[in-house]
Each structure stands twice: as structure tokens, then as C-alpha cells.
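Engineer:
In the numbering used here, the protein residues as written are 38 to 454.
#1: Tell me whether residue 449 sits in a helix, a strand or coil according to DSSP, three-state version.
#2: Where does residue 336 sit, in a helix, a strand or coil, going by DSSP?
#3: To the nearest angstrom, how far is the alpha carbon of residue 386 from that of residue 423?
#4: Provide the residue(s) that pair with residue 329 in DSSP beta bridges, ordered along the chain.
#5: Look at the Cβ atom of residue 258, then the Cβ atom of residue 140, and state whether they are nearer than 9 angstroms.
#6: Between 299, 404, 209 and 407, which has its C-alpha nearest residue 128's C-alpha?
#7: Going by the CB atoms, is the gap between residue 255 and residue 142 shorter than 9 angstroms?
#8: DSSP beta-bridge partners for residue 253?
#9: Using the rule of at least 16 other Cβ atoms within 10 Å of the residue's Cβ for burial, across every protein chain shown, is residue 124 buried or exposed?
#10: Could you check whether the region 71 to 84 touches the region 294 to 312, counting it as contact only if at least three pairs of C-beta atoms, one from each stretch, sit closer than 8 angstroms?
#11: Going by DSSP, what residues sit across from residue 96 in a beta bridge?
#12: What is the DSSP secondary structure of residue 309, reduced to helix, strand or coil?
#13: On the DSSP bridge list, what partners appear for residue 294?
#14: My assumption, with CB atoms under 8 angstroms, is that residue 103 sits in contact with residue 291. Please give the rounded CB distance.
#15: Could you tell me which of 335, 261, 130 and 157 sits nearest to residue 101, measuring between CA atoms?
#16: For residue 241, I'd like the list of residues in its chain whose CB is within less than 8 angstroms of its CB, leaving aside the five on either flank, ordered along the chain.
#17: Please report the straight-line C-alpha distance between residue 393 and residue 97, rounded to a whole angstrom.
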């Protein structure tokens, strides 16, 4: 056996393994629930300072943004996805039009949209690209006579000239796609009132609070301080602590966090999972009887939690179980004619699966309501607030009018789902 020629040639497998475990433990400790909650509280102070500086209300870009805004300070939510801004995948989403933001901008003269991203980036792509694309489409489509606001507004020193040029060249196509929805553009223009002007706010920079009478100000606030190194070197601070909460929250939600913040912040790390579960059981309940929630303005569409409705589900004329196994459907039984299982798991995987089975859900409801529009329908999922809500939204848009009345024998598509 040849002798080692340097210290690097001497291997200590056990020692290497111990070091690896130690580093993993240190990282896990740095990313603890306690550190996340403290980091979000710290970031929320900065967010409020930005709101005060511009004199504008706060809007959470979901799902991350709500962790940084106390519920009493939040006037609404937006749903701009960073995936629509990824390199080469730039898009104007026809499924997430975010038209509710138009109303907020007109009502308050502007707003601050809050989001965050994990270490290594100064801002999420939703703020660097997705929202600028959205603003350009809205400004050009609704205000063709205001060319000063037609160019894509990019954050300073964020993108290279090549990527900015490629995005700019796609706006025309996005506008054409937007027009295919056949929306009343004059009504949308009235809802907004003025073109949108973008500015950005972060720990590193923010624009002056200059007033422009001919536009609404939309401030894009990246809540977290940018961390260049590892979390272990930050004294417990975690950039983008609220991101991907499924992996760390144990079911904790922003409303529950803010309501019980002081209690959660004083609990030990080992106590938090149990405490969170206890708070969820007390607070995260549907505001309804027997776990059911009537979807207004309808009189016969309900959503609910699978475990919350129990045998009461049998009292409905129709049931869609979003999480129910397709293989376990009661094929051939009397109940199978009124019960549809969609086989959608919870979370992101479930949302992807839902897109594949929405047509079958629509067909199921349409078939029954055509004969009797008064039939009661329960749509349930694992928590009563996720997949069931998306399914109910599709059914409302497709099969009901604006007053919540089923279209009966004239059931037709009324929206581009």
C-alpha cells in the first residue's frame, strides 16, 4: 500500500461524516421556525415603513406576502407568479389577471405590493419581470393614447439589456392574447382610471415619493434584506422566511401567526409544532355550521372540509370530493350518480391535477343542474380552503349568472378557465 504524499490524501471517513451531520444540524437550526417568525416580524417593520413613506396601503402578493403584513393593515391580495418571469418563460397569465388590483389602485391612488424571495436574489421575479409585464399590457391596452406609459418599466440595474429587449418584444403578443378574452375594456379602463407607474422599494434602494397627477403609483416592495452568504452567518435572520411555508409551517397560516404572534414568539422551538396545531384547531375553522360554507350569491353551492362534514355530506343532492380517490368511487352504486371523486392531493400537486379534471367536474355539475338547477352541491377538499375553492370558482364562472342563479337548460361556458 503506497504511503500518502500529502495531508489531503489522508481520509477520515467517520470524521467527514460527523462534519457533514454537524453542518446539516447547524443549517437546520438556522432555519428553525423560531428564526423564521422573528425574521418575518423584522421584515414587517420595514414593510410598514415603506407604506408610511409613500402613504399607500399594503397588498400581499400571495402566498408569501401575507406573512409580512398584519391583517388589519392589508387591503387586498395579488397573485403574480415568479414563474411567469423566469428567463425565457415570460408570460402574461390569462388565469391570473389580477383585475382586483385595478380597483385598489383607483380607490387609494396606488398601493404597495409586498413579496419576498430567498437568499441570493434582491427581489422575486414576480416583481422584477411578471408585474412589469402586467403593467405594460394594462397600460397599452387600456390607455392607447398615453404612450409615455407604454414601455415596460424595469427595476434599475436588475436585468440585462438583452432580456429587457426580449420581454419588450413579447408585449404585443400578450396584448393580443388578453383581447381574446373579450372583456369590456372600457369598463376596465374606468375601474383603473389612470395608467400605472412602477417604482421599487427594498433595503438597498427605493424611489423618491414624487407625485404624478396623471398616473397611479404601484410600489413593489421586496420585504427581506438580501443575504449573500449562508443563514448561519446571519445571527438567525432568514431572507424570504415566509417563502414555501408548506415545508416549515406545520399548518400555521398568516392570520393565525399575526393573531397569536406574541405567544408564538415566546414559545420554545420544541413547543412550537404542538402549539401551532392547538392554535389551528381553535382558529382555522370555516365560519359555518357543520363545516359547511355557503358560497354567495348562490343558494345551493357549499364548500367544506372532508373531516368537517362527516355523514352530513349525504344530505346534499350532489357531492364533489376533490381529494377522494378515483379508484374508490362507488361505481355502480346509487350514490355514484351524485358523488364525484377528483383524486387531487393537497398543495401544488393538487392544483396541477385539478386542471386535468376540471372538465369532468363541470360536466358532472352541468348534467345534473340542467335537469334541476336547485340541486344542492357540496364541494370538499382536505381543508375546505384549497382545491374545493378553485373547483367552486370554475363552477360559478361556467354555470351560474352574476346573481348566483344556475343557468338551467342554457348552461354554457361564461368564462375562460
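No residue lacks a Cβ here, since even glycine has one placed at the ideal position from N, Cα and C.
Structural biologist: Here's the rundown:
#1: Reliability of the predicted coordinates at residue 449 is poor, the pLDDT of 45 falling under 50, and no value is obtained from them.
#2: coil
#3: Going by the C-alpha atoms only, they are around 12 angstroms apart.
#4: 341
#5: no
#6: 209
#7: Yes, the pair counts as a contact, with Cβ atoms nearer than the cut-off.
#8: 233
#9: Result: exposed.
#10: Result yes; three or more Cβ-Cβ pairs closer than 8 angstroms.
#11: As DSSP reads the structure, residue 96 sits in a beta bridge with 113 and 150.
#12: helix
#13: Answer is none; residue 294 lacks a bridge partner.
#14: 4 angstroms
#15: Comparing Cα positions, the closest option is 261.
#16: When the five nearest sequence neighbours on each side are left out, the beta carbons in the same chain lying within less than 8 angstroms of the beta carbon of residue 241 are those of 159 and 263, in order along the chain.
#17: 28 angstroms
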